[in-house]
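Comments concern the structure below.
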Amino acid sequence: MELRKLLIGILCVIALIAMAGCSLDMDGGESAEPETAPNDSLESARALPAGPYIKVVANDRIHFKRLARTDGDIRQSDLICDDGYDMNNKIDQIYCYNGAEVCLFRYNNFNGLYKFIDTTNLDLSVIGFANVTTSIKWMSASDPYVVLYENASYGGVRRLMTTASVDLAHASLDNKVSSIKLYNGSTVTLYSSVKWGGYSRTFTGNVADLGSVYSGIYNNTASSCKVNNAYCNYIVVWEGENYTGTGWVVDGMRNSGGVINDLGDIGMDNRISSISHFAGDYNCPAALYLWLDYDRSGSRYYYEAPYDIPCFDSLHTQYNNAISSISFRDN
């Protein structure tokens, strides 16, 4: 009898634990915020924002900040907690609520490498972006941009495109694009080959499943793309002479950053041999500084469109395969 009572008691405890776990899961998601960092009493005491907002969590699992879209874009100084704790380069988790969509940037003032985030809960180590964020930009209600998805119905790996991609392998999406979302009047052309070659098709609206498209570009066949009404000029730096080899798009639009302080981040350190340009729909700068050293230091070369450079070696030998950082003129 005693053994029976003991077993019944154990089963009751297990049931209570299971119910608690279920209630925690039910409380998660966009409408209810899980308390991942309860020890930050100053931030916990604030009322939750009514509109879109994000919660960024520091790697100490104590400090976090809620940042509302109505407060504007987030710079380095905005990532300081009330108690003086500096969250710059320490954010390793992010939560998005009420439809929030942001870009996380490696450098201050929305420069350098970036990641587009629109998921409810994300461990940033999963996308290789933990402990590097120093500024955050809300996606504008007017800026044209495109999001490409790995799976149908807007699932799987997603990449934000603001101008173009010479090779979708750079975005881990070569021959993998299965659905498309267009924002703010944007249109996009997908190409079956790299460097905007092969078959192509232009899309003017969202496509939930490219498997339903029967001409030009099919499911999992795109290798490069262009955002046709990009509102900014962009420049392509090439590994080989005469615009050959690996190419990388650099633009001056704030969402993709006008600065790359270390070309090693994109596998192009000491590898640039030629430059070409593309004129966008709006009058943005199309001029670039190319620096011999990291962090925009050392000697520099000034390039301005529309004069493409088919071969650095024929103009300024010292810069051929020797450039380590670049920035748009206004940066």
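Numbering (the numbering used here), first residue to last: 1 to 331.
Glycine is no exception: its CB is placed at the ideal position from the N, C-alpha and C atoms.
Bear in mind that the values here come from a model prediction, so they are computed numbers and not experimental data.
Item, Value
"Under the assumption that A322 contacts V249 (Cβ atoms under 8 Å), give the Cβ distance between them as a whole number of angstroms.", "Their Cβ separation, rounded to whole angstroms, is 21 Å, which puts A322 and V249 out of contact at 8 Å."
"Looking at C-alpha atoms only, which residue of Y319, F116 and L148 is the closest neighbour of F203?", "L148"
"Could you say which of H277, N88 and D293 lies nearest to N270 if we only look at CA atoms?", "D293"
"Determine contact between the segment 151-158 and the segment 194-202, defined as no fewer than three beta-carbon pairs at a distance below 8 Å.", "no"
"Are the segment 126-140 and the segment 213-224 touching, with three or more C-beta to C-beta distances below 8 Å?", "no"
"How close, in whole Å, do the beta carbons of Y301 and Y319 come, if the pair is a contact with beta carbons under 8 Å?", "5 Å"
"Am I right that I260 and I217 are in contact with their C-beta atoms under 8 Å? What's the rounded C-beta distance?", "In fact, because the Cβ distance is near 30 Å, the residues do not count as touching under 8 Å."
"May I ask which residues mark the beginning and end of the beta strand (DSSP E) holding R158?", "G155 to M161"
"Could you tell me the alpha carbon to alpha carbon distance between E150 and A222, rounded to whole angstroms?", "11 Å"
"So, helix, strand or coil for T246, using DSSP?", "strand"
"Excluding the 5 residues preceding and the 5 following M26 in the sequence, name in chain order all residues of the same chain whose CB lies nearer than 7 Å to its CB.", "Note on M26: pLDDT 24, under 50, position unreliable in the model; the coordinate value appears next. Nothing meets the Cβ criterion."
"Which residues does DSSP list as the beta-bridge partners of F203?", "V188"
"Leaving aside the five residues before and after S23 along the sequence, list all residues of the same chain whose C-beta is less than 6 Å from its C-beta, in chain order.", "Note that S23 scores a pLDDT of 26, beneath 50, so its modelled location is shaky and nothing firm can be said."
"Just the Cα atoms here: how many angstroms apart are V102 and R75?", "13 Å"
"How long is the line joining the alpha carbons of L207 and V227, rounded to whole angstroms?", "Note that residue 207 is Val in the sequence shown here, rather than Leu. Approximately 15 Å, taken between the alpha carbons."
"Between S172 and S193, which are expected to be in contact by the criterion C-beta below 8 Å, what is the C-beta distance as a whole number of angstroms?", "With a Cβ gap of about 18 Å, S172 and S193 do not count as contacting."
"Near E239, what residues of its chain come up, given a Cβ to Cβ distance below 8 Å and the 5 sequence neighbours on each side ignored?", "G245, T246, G247, M268, R271, I272 and S273"
"Work out the CA separation of K137 and P144 for me, nearest whole Å.", "15 Å"
"When you compare the segment 78-85 with the segment 55-66, are there three or more beta-carbon pairs, one atom per stretch, that lie closer than 8 Å?", "yes"
"Does Y85 come out as helix, strand or coil in the three-state DSSP assignment?", "coil"
"Terminal residues of the continuous beta strand (DSSP E) containing K90?", "Careful: K90 lies outside any beta strand (DSSP E) and carries neither H nor E."
"Name the one or two DSSP bridge partners that L104 has.", "K115 and I136"
"Nearest by alpha-carbon distance to I275: which of D118, L288, L263 and D265 is it?", "L288"
"What does DSSP give as the partner residues of I180 in its beta bridges?", "L148 and V207"
"To the nearest angstrom, how far is it from the Cα of H316 to the Cα of Y243?", "17 Å"
"So what does DSSP say about S273, is it helix, strand or coil?", "coil"
"R61: which of K90, A100, S186 and L168 sits nearest, CA to CA?", "K90"
"Sort A58, W291 and H277 by Cα distance to L263 and report the nearest one.", "W291"
"Using only the alpha-carbon positions, how far apart do N229 and N108 sit?", "27 Å"
"Does R46 pass the burial test, meaning 16 or more other C-beta atoms within 10 Å, or should it be called exposed?", "exposed"
"Please state if the CB of N59 and the CB of Y95 are separated by a distance shorter than 8 Å.", "no"
"Pick helix, strand or coil for N321, following the three-state DSSP scheme.", "coil"
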